[in-house]
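In our numbering, the protein residues as written are 58 to 169.
All remarks here apply to the structure that follows.
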């Protein structure tokens, strides 16, 4: 495991957002959804591709809080320009489970 300094960690903008839209990413090579995530007034709504189809349906994602990196450069993923990276953990089968706060917090709140 590589060690980083606290200043390096502070450079990563991990923020809470609410999924306001989710649909199947039909052009993706691996099963994925296109998420629209609202991070509040300061950051706004951002799009992301998320390979979380094993554990979630689009309908159950809408309204959920998620944690995402919002200060990576935008990344082209097929026809989608991804604007944030929604975080999660691989389970024992290699499927992704979302990293989420366990309580309601204001949109855009930064992880510290």
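All C-beta atoms in this analysis are idealised placements derived from N, C-alpha and C, irrespective of residue type, glycine included.
None of the values given here were measured: they were computed from a predicted structure.
Distance cut-off 7 Å: residue 121 Cβ against heavy atoms of the ligand MN
The ligand MN is absent from the structure shown, which contains no ligand whatsoever.
Quick one: Cα of residue 134 to Cα of residue 118, how far?
Within the chain shown, the letter at position 77 stands for residue 134. Within the chain shown, the letter at position 61 stands for residue 118. Straight-line Cα distance between these residues: approximately 21 Å.
Considering only the beta carbon of each residue, do residue 44 and residue 166 sit closer than 8 Å?
For residue 44 there is no data in the structure shown, the boundaries of the chain being 58 and 169.
Can you give me the C-alpha to C-alpha distance between residue 142 and residue 90, rounded to a whole angstrom?
The residue given as residue 142 occupies position 85 in the chain shown. The residue given as residue 90 occupies position 33 in the chain shown. Cα to Cα, the separation comes out at about 13 Å.
In terms of alpha-carbon separation, which member of 75, 83, 77 and 107 lies closest to residue 132?
The sequence position of residue 132 within the chain shown is 75, counting from 1. Checked all of 75, 83, 77 and 107; the closest Cα to residue 132 is 107.
Answer yes or no: do residue 70 and residue 127 have a C-beta to C-beta separation smaller than 8 Å?
Position 13 of the chain shown, counted from the start, is the residue given in the question as residue 70. Position 70 of the chain shown, counted from the start, is the residue given in the question as residue 127. Closer than 8 Å, so yes.
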